[in-house]
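Numbering (the numbering used here), first residue to last: 337 to 466.
Below you'll find the structure, written out as C-alpha cells, and then a few comments.
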Ligand SMILES: [Zn+2]
C-alpha cells in the first residue's frame with residue numbers, strides 16, 4: 337500500500353470560497369437572454385423579461401397604480417420601472433389596451449412611483465443617460 341493513500345485529516349480542506357463570492361458580483365445591467373421564471377412583455381419597449389424585473393400596474397378608478405407586491409386583483413400591465421418605458425407606453429396608449437380600459441388613464445401615480453424607483457437605483461449605481 338503506498339504511503340500517500342492515507343491522507344491525514346488534520347489539514348482543514350478549504351474549498352475555493354473565493355469562487356463563490358466572485359459569482360455573486362455579477363452586474364445586472366442588461367437582461368440576459370436566458371430568462372428563468374415567468375416571462376412578461378413590457379408594455380413600453382415590448383421586450384420580454386422575467387416578471388421579477390418588471391413592475392406590475394393595475395387600474396383603479398381610471399388611475400394606473402403600481403402593484404409592486406402583485407397583490408391587487410384585476411388585469412395587470414407589466415413594464416420596466418423606467419421612465420423611458422413609461423413614456424413609450426403612454427405614447428402608444430399601451431395601458432388602456434393592456435388593461436382593457438376605454439378612454440384616458442391617469443398615469444401620475446405610476447409616474448411618481450417609477451421616478452422614486454429610479455432615484456433609489458441611481459444612488460447605488462451610475463445614472464443612466466438617454
Ligand atoms: Zn421596457
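Every residue gets a Cβ at the ideal spot worked out from N, C-alpha and C, and that includes glycine.
Contact under 9 Å by Cβ, residue i with residue j
i	j	result
residue 431	residue 375	no
residue 400	residue 409	no
residue 390	residue 417	yes
residue 377	residue 419	no
residue 445	residue 398	no
residue 405	residue 412	no
Whole-Å CB distance - residue i paired with residue j, under 8 Å assumed
i	j	result
residue 328	residue 414	The question about residue 328 has no answer, for the chain in this structure spans 337 to 466.
Boundaries (first-last residue) of the beta strand (DSSP E) holding residue i
i	result
residue 402	399-402
residue 407	Taken as a continuous stretch (DSSP letters only), residue 407 belongs to no beta strand (DSSP E), as it is neither H nor E.
residue 385	384-386
residue 430	No beta strand (DSSP E) holds residue 430; the alpha helix (DSSP H) holding it covers 430-435.
residue 391	391-396
residue 440	Where residue 440 is concerned, there is no enclosing beta strand (DSSP E), given that its DSSP letter is neither H nor E.
residue 375	375-377
Cα-Cα separation between residue i and residue j, rounded to whole angstroms
i	j	result
residue 402	residue 439	19 Å
residue 454	residue 395	22 Å
residue 384	residue 422	15 Å
residue 323	residue 381	Residue numbering for the chain in the displayed model covers 337 to 466; residue 323 lies beyond these limits and cannot be assessed.
residue 427	residue 452	21 Å
Residue i classed as buried or exposed, judged by whether at least 16 other C-beta atoms fall within 10 angstroms
i	result
residue 450	buried
residue 456	exposed
residue 425	buried
Limits of the alpha helix (DSSP H) - the one that residue i falls within
i	result
residue 422	419-427
Q) Pick out every residue whose C-beta is nearer than 5 Å to a heavy atom of ligand 3: which are they, in chain order? A) With respect to ligand 3, the structure offers nothing, as its ligand set consists of ligand 1.
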